[in-house]
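According to the numbering used here, the sequence shown holds residues -1 to 307 in order. Ideal placement from N, C-alpha and C gives every residue a C-beta, glycine not left out.
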Amino acid sequence: MSDDDLTRIDLNLLVVFSALIETGSVTRAAERLRSSQPAVSRSLARLRELFDDPLLIKSGKEMVPTPRALALKGPVAAALGDIRRLFKPAGFDPAIDRRRFRVSSTDYGVLSVLAPVMGELATTPNIEIAVDPLSDDDHQKLASGALDMVIIGRTPERPELYRRRLFTERRACLVREHHPITRDPDVMAGRPPTIDACLAWPHVVITVLGDLHVARQLRRLDKRRQVAVQMPYFSVAPLLIEQSDALLILPERAAKRFAEARGLVMFEAPDVFGTFDYWLVWHERARRDPALHWLIERITATVGDPACA
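Below, the structure is given as structure tokens:
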């Protein structure tokens, strides 16, 4: 049967067929369908023409199905079930529905946003997260569906992008244990050191997630830092300060993790380096995607700051 033939078929006839087979009566089928007996009789006539078969035969006070009608009963019920599912409101059940989420982020985003929800995601075997590095064309990938979400420390400006602010992040300094700066009076008192105290030591610089802001602030103050190493990786940078006097400025959440894991010393960075907001970003095309919103809600519930809601 061609597509043109399908356009001439009234799918309501399948509903009538199902009611007739189940009730064995035009009258009872009309009652079930809240229709009139003549209307059901006309539909039966059209069904007989469509399938070239009587379908239901009068036998006493009942109507009995022909072999052709019995053969159609299962396929018609399955077809009606598929049609009902087509119009069922979209939903997502991670215990049943499989989904592979494609996310763009830095390793800081993985550490501070995805890692905390791994306890829940690991118990949901139908869920997989694939992480790509941030790129300048992420907005195009969101629009095309190549990405589902971006985790980023810059405020998205495009009108077609939706966003949720997770938290506002401070910057912190990280140094090795027994570093001379740990004897600085401000640091010992739990206060941020001065900029000059920080700039007295070489720096390991991470070139993503706001370091441009740090560099701009230093230029504004006409200050310079000695850059020992420059790299785009958060996870490797702490290794470079363990055996040196270099200092590392990075987001506070990452600094806490590295300090605890590697026995490093963390203290607040000078206030002039400021704060930044961290965001979940997705495209308008996925605004009604229940699976994506399930993931967004899991992340927000785990790492989101209620003050940012």
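1. So which of LEU216, ILE294, ASP50 and VAL212 has the shortest CA-CA distance to ARG169?
2. Can you give me the C-alpha to C-alpha distance between LEU119 and LEU48, rounded to a whole angstrom?
3. List the DSSP bridge partners of TRP277.
4. Closer than 8 Å is the cut-off here; do at least three beta carbon pairs connect the segment 244 to 251 with the segment 191 to 211?
5. Confirm, please, whether the CB-CB distance from TYR106 to ALA252 is below 7 Å.
6. Per the DSSP calculation, LYS56 is bridged to which residue(s)?
7. Do you know offhand how far GLY188's Cα is from GLN138's?
8. Counting only the same chain and skipping the five closest in sequence on each side, list residues whose C-beta sits under 6 Å from that of ARG162.
9. Drop a sphere of 10 angstroms on the beta-carbon of GLU155, count the other beta-carbons inside from all chains shown, and report buried for 16 or more, exposed for fewer.
10. Which same chain residues, not among the five before or five after PRO52, have their C-beta less than 7 Å away from its C-beta?
11. Below 7 Å between beta carbons: does that hold for MET147 and VAL101?
12. Please work out which residues of its chain come closer than 7 Å, Cβ to Cβ, to CYS196, disregarding the five sequence neighbours upstream and downstream, and give them in chain order.
13. Can you tell me where the beta strand (DSSP E) holding VAL13 begins and where it ends?
14. Hey, which unbroken runs of the alpha helix (DSSP H) at 4 residues or more fall wholly within the segment 38 to 126?
15. GLU282 by DSSP, collapsed to three states: which one?
16. Within the same chain, show all residues whose beta-carbon is closer than 8 Å to that of PHE271, passing over the 5 residues directly before and after it, in chain order.
17. Can you find the residues in the same chain that come closer than 8 Å, C-beta to C-beta, to ILE94, ignoring five residues on each side of it along the sequence?
18. Indicate the three-state DSSP secondary structure (helix, strand or coil) for PHE265 in the structure shown.
19. Could you check whether THR273 and VAL311 sit closer than 7 Å to each other, using their CB atoms as the reference points?
20. Roughly how many angstroms separate the alpha carbons of PRO191 and PRO183, rounded to a whole number?
21. Can you tell me which residues form a DSSP beta bridge with ASP134?
22. Under the assumption that ASP134 contacts LEU145 (Cβ atoms under 8 Å), give the Cβ distance between them as a whole number of angstroms.
23. In terms of residues, what are the limits of the beta strand (DSSP E) holding ALA226?
24. Roughly how many angstroms lie between the CA atoms of HIS177 and ALA141, to the nearest whole one?
If we stick to the structure as given:
1. Closest by alpha carbon: VAL212.
2. Just so you know, the alpha carbons of LEU119 and LEU48 end up roughly 51 Å apart.
3. For TRP277, which the question treats as bridged, DSSP gives the partners ILE150 and ARG163.
4. Segments in contact, yes.
5. Result yes, Cβ atoms of ALA252 and TYR106 sit closer than 7 Å.
6. Here LYS56 is bridged, per DSSP, to MET61.
7. Their Cα atoms are separated by approximately 45 Å.
8. LEU278.
9. Burial call: exposed.
10. Around PRO52: ARG46 and THR64.
11. Yes, the pair counts as a contact, with Cβ atoms nearer than the cut-off.
12. Cβ neighbours of CYS196 beyond the five flanking positions: CYS171, LEU245 and PRO268.
13. VAL13 -> not in any beta strand (DSSP E); alpha helix (DSSP H) instead, spanning 10 to 21.
14. Taken in chain order, the complete alpha helix (DSSP H) segments of 4 or more residues contained in the segment 38 to 126 are 65 to 84 and 116 to 119.
15. In the structure shown, the three-state DSSP call for GLU282 is helix.
16. Scanning its chain for C-beta atoms nearer than 8 Å, with the 5 sequence neighbours on each side dropped, one finds around PHE271 the residues ARG169, HIS211, VAL212, GLN215 and ILE247, in chain order.
17. Closer than 8 Å at Cβ, skipping near neighbours: ASN124.
18. Of the three classes helix, strand and coil, the one that applies to PHE265 here is strand, per DSSP.
19. This structure does not reach residue 311, given that the chain is present from -1 up to 307, and the question cannot be answered.
20. Put simply, the backbone Cα of PRO191 is about 8 Å away from that of PRO183.
21. ASP134 is not bridged to any residue.
22. Separation of the CB atoms of ASP134 and LEU145 is rounded to 13 Å, and the pair is thereby denied contact status at 8 Å.
23. Where ALA226 is concerned, the enclosing beta strand (DSSP E) stretches over 225 to 229.
24. Rounded to whole angstroms, the separation of the alpha carbons of ALA141 and HIS177 is 48 Å.
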